[in-house]
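Participant: Each number in my numbering comes from the position in the first sequence (counting from 1) with 40 added on.
For every residue, glycine included, the Cβ atom is placed at its ideal position computed from N, Cα and C.
What you are looking at is a predicted structure, and each value in this text was computed from that prediction instead of being measured.
The structure is given below, and queries will be raised subsequently.
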Amino acid sequence: MEKKLPTRQENFSEWYNQLVLRAELADYAPVRGCMVVRPYGWALWENIQKALDDRFKATGHVNAAFPLLIPQSFMTKEKEHVEGFSPELAVVTHGGGEKLEEPLVVRPTSETIIGTMYAKWIQSYRDLPVLINQWANVVRWEMRTKLFLRTLEFYWQEGHTAHATEQEALEETERMLQVYADFARTEGAVPVIPGRKSESEKFAGAVNTYSIEAMMGDTKALQSGTSHFLGQNFAKAFDIKFLDEGNQLQYCWTTSWGVSTRFIGAIIMTHGDDQGLVLPPRLAPIQVVIVPIYRKNEEKSAVMEAVSAVQAQLKDLRVKVDEREGLTPGFKFNDWELKGVPLRIEIGPKDVQNGTVALSRRDIPGRDGKSFLPMAGLDSAVPALLQTIQDNLLAKATAFRDSHIFEVTDYESFKQVVAEQGWAYAWWSDDRENEARIKEETKATLRIYASDPNLGEGVCFYSGRKTNQKAYFARSY
RNA sequence: CGGGGUGUAGCGCAGUCGGCUAGCGCGCUGCGUUUGGGACGCAGAGGUCGGCGGUUCGAGUCCGCCCACCCCGACCA
41 MEKKLPTRQE NFSEWYNQLV LRAELADYAP VRGCMVVRPY GWALWENIQK
91 ALDDRFKATG HVNAAFPLLI PQSFMTKEKE HVEGFSPELA VVTHGGGEKL
141 EEPLVVRPTS ETIIGTMYAK WIQSYRDLPV LINQWANVVR WEMRTKLFLR
191 TLEFYWQEGH TAHATEQEAL EETERMLQVY ADFARTEGAV PVIPGRKSES
241 EKFAGAVNTY SIEAMMGDTK ALQSGTSHFL GQNFAKAFDI KFLDEGNQLQ
291 YCWTTSWGVS TRFIGAIIMT HGDDQGLVLP PRLAPIQVVI VPIYRKNEEK
341 SAVMEAVSAV QAQLKDLRVK VDEREGLTPG FKFNDWELKG VPLRIEIGPK
391 DVQNGTVALS RRDIPGRDGK SFLPMAGLDS AVPALLQTIQ DNLLAKATAF
441 RDSHIFEVTD YESFKQVVAE QGWAYAWWSD DRENEARIKE ETKATLRIYA
491 SDPNLGEGVC FYSGRKTNQK AYFARSY
């Protein structure tokens, strides 16, 4: 094993793969395309879950659990949904040693089974809205996989809601998009742009799909969360109906929305550097690591006493004391930097003598990120510093993103931008064929439309037609 | 599924013209010395050389078939 990671400059993809393995976030499973999420990675996911779940509860949602196996026939009821998902379904054909009457698919998403249950549960406008979320794993048989970003099986949450009116369902779709955007920025320090997807990029069966788009360290885009307005498509396919106040039978309006373990990939590729992970304090499994430094046993007892005192002061934070014997402090520094711990506190004989500790910020490498503080008062100084780090990560990522988005007005500069510089932002007159041609020629896809309603009017960079719409284009994961 | 590549210790690799006991680095175990930016010494453990078949006195090495994985392209949270 090499001591150092490949640099992001050298080989971004290899940097990512090795980082995930070495930081012990995940490992390859025996089955191609599957991964094992290791305890450190899962702890990060748990913090993501908590932050999201609190937001779901705060917006009136409740959790439930629906089955992993879905009758195959359910998948065929919504036309676009079948077409979108059939190529990537895992199908169970045998159970208990017998061939099944009807094959079962392993859920790639749960619209069909949840829709079936909603049809049963919803009778009246008084039953609406239904606002249910589930935390689950799903399976999609992808051709090319990459740890966290695209695996055959992944973990996510999927919210499924049913409403009496189109307006309410649209509001829900938008509300959850904003919940995701707020989550990504506030918790992950990932500056995302929310917006609507194009016709060709939307979810199979949706009327409209919205997503939060993030820029990774190599300037590629990553769709980091999605919210779908499903109209009455699934309600009609699954017969989700209710009697309104006027005793009229009506179809419901439904939505669905999800964030997956892919978000871990977003964190890695947004903040990570050539030393390793850089985790945002609010989500980091370990927010502060304390490295004791001592030579002789006499020093050790004094140092460990100081360590305990500091640890007690920081009891409200996620703190780890690295008590491993036989490793040098230098090794431990590198190790925790690889793992992305936001703040390191070093306590040695000199500190004990001076009543101080040395602090080292993960977001600012080297000497510039070091400071020395008195032990007294760490209980307020450290949380404040963590918040500073959190803010700095968002600011840095935002500055990086903004300096890699270029407004273009012609196809030549568009091609150059998406090939070498980042995202292109341009006037765009909607045209499915043009969009496909651009993808074919440049590998860049339409990520989202600009959501600013006061754009005015301009000329499409590709077709030359007049338009009142702008869009972001980029190569993406 | 097309194009390229790799399978030798947990990981990364070397192994010449086929040759006798299969090696190196990291990691791992034990003991000792170390410890403020990836410590060092000594002693150890660890291998059906991806699988099957063939050629040969002799195969990690040559031949054939198969398998797996990785990278690049067509689908996707």
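(1) DSSP three-state label for H311, please.
(2) Taking the straight line between their C-alpha atoms, what separation do you get for E285 and L65?
(3) Going by DSSP, what residue range makes up the beta strand (DSSP E) through R236?
(4) Could you name each continuous alpha helix (DSSP H) segment of 4 residues or more that falls completely within the stretch 195 to 242, going from the start of the chain to the end?
(5) Alpha carbon to alpha carbon, how far is W55 from E253? Give it in angstroms, no decimals.
(6) When burial is assigned at 16 or more other CB atoms within 10 Å of the CB, is S300 buried or exposed?
(7) Do you know offhand how far F311's Cα is from V145's?
(8) In this structure, does DSSP put V60 in helix, strand or coil?
(9) For I162, which residues in the same chain have their Cβ closer than 8 Å to its Cβ, ignoring the five residues on either side in sequence?
(10) Considering only the alpha carbon of each residue, which of R302, G235, T205, H268 lies closest to Q89?
(11) Quick one: Cα of D431 to Cα of M157, how far?
(12) Considering only residues of the same chain and omitting the five flanking positions on each side of Q218, which have a CB-CB separation below 8 Å?
(13) Which residue's Cα is closest to the Cα of P231: E206, V392, T438?
(14) Taking 7 Å as the threshold (C-beta atoms), are F114 and P148 in contact?
(15) Measuring CB to CB, does Y465 end up less than 7 Å from E447?
(16) Return the first residue and the last residue of the alpha helix (DSSP H) that S341 is part of.
(17) Quick one, are the C-beta atoms of Q174 and E151 less than 7 Å apart?
(18) Measuring straight from C-alpha to C-alpha, what distance separates K483 and A246?
(19) Judging by CA-CA distance, which residue of K506, V359, E123, L434 is the nearest neighbour of D419?
(20) With H, G and I counted as helix, E and B as strand and the rest as coil, what does DSSP make of R505?
(21) Select from E497, G496, Y489, S443 the residue whose C-alpha is nearest the C-alpha of K242.
(22) Can you give me the start and stop residues for the beta strand (DSSP E) that H121 sits inside?
(23) Could you tell me if K379 is buried or exposed, where buried requires 16 or more neighbouring beta carbons within 10 angstroms of its beta carbon?
(24) Could you tell me how far apart the beta carbons of T294 and T266 are, in whole angstroms, since I believe they sit closer than 8 Å?
(25) Under three-state DSSP, which class holds K483?
(26) Is it buried or exposed, E377, if we count other Cβ atoms within 10 angstroms and call 16 or more buried?
(27) I'd like the span of the beta strand (DSSP E) that includes G135, first residue to last.
(28) Distance check for F373 and I385, CA to CA, integer angstroms please.
(29) Compute the beta-carbon to beta-carbon distance between D403 and L433, rounded to the nearest angstrom, for a pair I have assumed lies under 8 Å.
(30) How many angstroms separate the CA atom of I326 from the CA atom of A352?
(31) Quick check on the DSSP output: what are the complete alpha helix (DSSP H) runs of length 4 or more inside the stretch 244 to 285, in order along the chain?
(32) Using CA coordinates, which residue listed in L354, T368, D442, H444 is at the minimum distance from A416?
(33) How many whole angstroms separate the CB atoms of L383 and L399, which I take to be in contact at a CB cut-off of 8 Å?
(34) So, using beta-carbon positions, are Y517 and L189 closer together than 7 Å?
(35) Can the beta-carbon of W463 be found closer than 7 Å to that of A511?
(36) When burial is assigned at 16 or more other CB atoms within 10 Å of the CB, is H121 buried or exposed?
Facilitator: In brief:
(1) In this structure, H311 counts as helix in the three-state DSSP scheme.
(2) Their backbone Cα atoms lie some 52 Å apart in a straight line.
(3) From DSSP, the beta strand (DSSP E) with R236 extends over 233 to 236.
(4) Listed in chain order, the alpha helix (DSSP H) elements of length 4 or more contained wholly in the stretch 195 to 242 are 206 to 226.
(5) Distance from the CA atom of E253 to the CA atom of W55, rounded to whole angstroms, is 22 Å.
(6) If you draw a 10 Å sphere on the C-beta of S300, you find 16 or more other C-beta atoms in it, and that means buried.
(7) The question names Phe, but residue 311 in the sequence shown is His. Between the alpha carbons of H311 and V145 lies a gap of roughly 37 Å.
(8) The answer is helix: DSSP assigns V60 an H, G or I state.
(9) Only L168, V170, A202, I280, K281, F282, C292 meet the Cβ criterion.
(10) Looking at the Cα atoms, R302 is the closest of the given residues.
(11) About 43 Å.
(12) Once the five neighbours on either side are set aside, the close Cβ partners of Q218 are P234.
(13) Closest option to P231, Cα to Cα, is T438.
(14) Cβ atoms of P148 and F114: not closer than 7 Å.
(15) It is a contact, given that the beta carbons lie within the stated cut-off.
(16) Segment 337 to 353, the alpha helix (DSSP H) holding S341.
(17) Between Q174 and E151, the C-beta spacing is not below 7 Å.
(18) In a straight line, the C-alpha of K483 is about 24 Å away from that of A246.
(19) If we check each option's Cα against that of D419, V359 comes out closest.
(20) R505 falls in the coil class under three-state DSSP.
(21) K242 has its Cα closest to that of Y489, out of E497, G496, Y489, S443.
(22) Segment 119 to 125 is the alpha helix (DSSP H) holding H121; no beta strand (DSSP E) there.
(23) That one is buried.
(24) Between T266 and T294 the Cβ distance is about 15 Å, and since that is not below 8 Å, they are no contact.
(25) In the structure shown, K483 sits in coil (DSSP, three-state: anything other than H, G, I, E or B).
(26) Of the residues assessed, E377 falls on the buried side of the cut-off, its CB having 16 or more other CB atoms within 10 angstroms.
(27) 130 to 135 is the extent of the beta strand (DSSP E) around G135.
(28) Those two C-alpha atoms are separated by around 10 Å.
(29) With a Cβ gap of about 6 Å, D403 and L433 count as contacting.
(30) Between I326 and A352, the alpha-carbon positions lie close to 16 Å from each other.
(31) Counting only runs of 4 or more, we get 273 to 278.
(32) It is L354.
(33) That belief holds up - the Cβ atoms of L383 and L399 are roughly 6 Å apart, short of 8 Å.
(34) Yes, Cβ-Cβ distance for Y517 and L189 is below 7 Å.
(35) For W463 and A511, no; Cβs fall outside 7 Å.
(36) It counts as buried.
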